[in-house]
Amino acid sequence: MPAMKMTPKALAPLAIAAAFGLGTLAPHAQTTPQKVGFVNVDQLFAAHPNDKDVKALQTKFQGDLGTLDKQIKDIDAKGTAATAADKDKRAQLVTTYNAQLKTYDDQMKAKAGPIETSVDAALSSYAKANGFSVIMDRSIAQQSGLVVYADTATDVTEAVKKNVK
């Protein structure tokens, strides 16, 4: 009987079978349980001393932008009966609306950014100090369907609030 020549092509199936076989024999380490918590992010933001400034800004711009939006919609409701003057006025209103929206976004980033940084730091600090692997926003977890059940003892909102500055 002729000797079988061992080529890389002939050894490939044997190597794959050996790798799978050895993988199934390797001991599996037990994973440690992961500590998961939930928070109400809206409450954490509301706990920050500067949240009142953000709320005031939201109220102001909702009124301003709401008025412009209503004026634009009133012209749109005219449909084909809108005059050239109406269309010019609408274009001006849209320009004003977009400019105010950008101003609002810029002001909101300036006011909300530090609050977000503070809340993130409080969450991170609390999670590390208390051995949490994951902390999720309870409302997002519920709405997404990602979490079907969570024990109320997993809510750490009040504990994290103490660190929000």
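According to mature numbering (1 follows the signal peptide of the UniProt record, and there is no 0), the residues represented by the sequence shown are -29 to -1, 1 to 136, in order. Every residue gets a Cβ at the ideal spot worked out from N, C-alpha and C, and that includes glycine. Small disclaimer: the values here were computed from a predicted structure and weren't measured.
Secondary structure of residue i, DSSP reduced to three states
| i | result |
| --- | --- |
| residue 7 | strand |
| residue 122 | coil |
| residue 20 | coil |
| residue 26 | helix |
| residue 116 | coil |
| residue 12 | helix |
| residue 131 | helix |
Extent of the continuous beta strand (DSSP E) run through residue i
| i | result |
| --- | --- |
| residue 105 | 105 to 108 |
Whole-angstrom distance between residue j and residue i, CA atom to CA atom
| i | j | result |
| --- | --- | --- |
| residue 69 | residue 39 | 10 Å |
| residue 48 | residue 14 | 40 Å |
| residue 3 | residue 136 | 33 Å |
| residue 37 | residue 126 | 36 Å |
| residue 44 | residue 123 | 45 Å |
Bounding residues of the alpha helix (DSSP H) (the contiguous stretch that carries residue i)
| i | result |
| --- | --- |
| residue 66 | 55 to 100 |
Beta-carbon proximity check, residue i vs residue j, cutoff 9 Å
| i | j | result |
| --- | --- | --- |
| residue 128 | residue 10 | yes |
| residue 167 | residue 7 | Nothing in the structure corresponds to residue 167, since the chain is present only between -29 and 136. |
Check your understanding: Is the stretch 19 to 39 in contact with the stretch 66 to 80, if contact means three or more CB pairs nearer than 8 Å?
Key -> Counting C-beta pairs closer than 8 Å gives three or more between the stretch 19 to 39 and the stretch 66 to 80, which meets the contact rule.
Exercise for review: Would you check if the stretch 50 to 65 and the stretch 113 to 132 touch, i.e. whether three or more CB-CB distances between them fall below 8 Å?
Suggested key: The stretch 113 to 132, when compared against the stretch 50 to 65, does not touch it at the 8 Å Cβ threshold.
**Study point:** Segment contact, 8 Å Cβ cut-off, at least three pairs: the stretch 78 to 90 with the stretch 103 to 112
**Key:** The stretch 78 to 90 is not in contact with the stretch 103 to 112.
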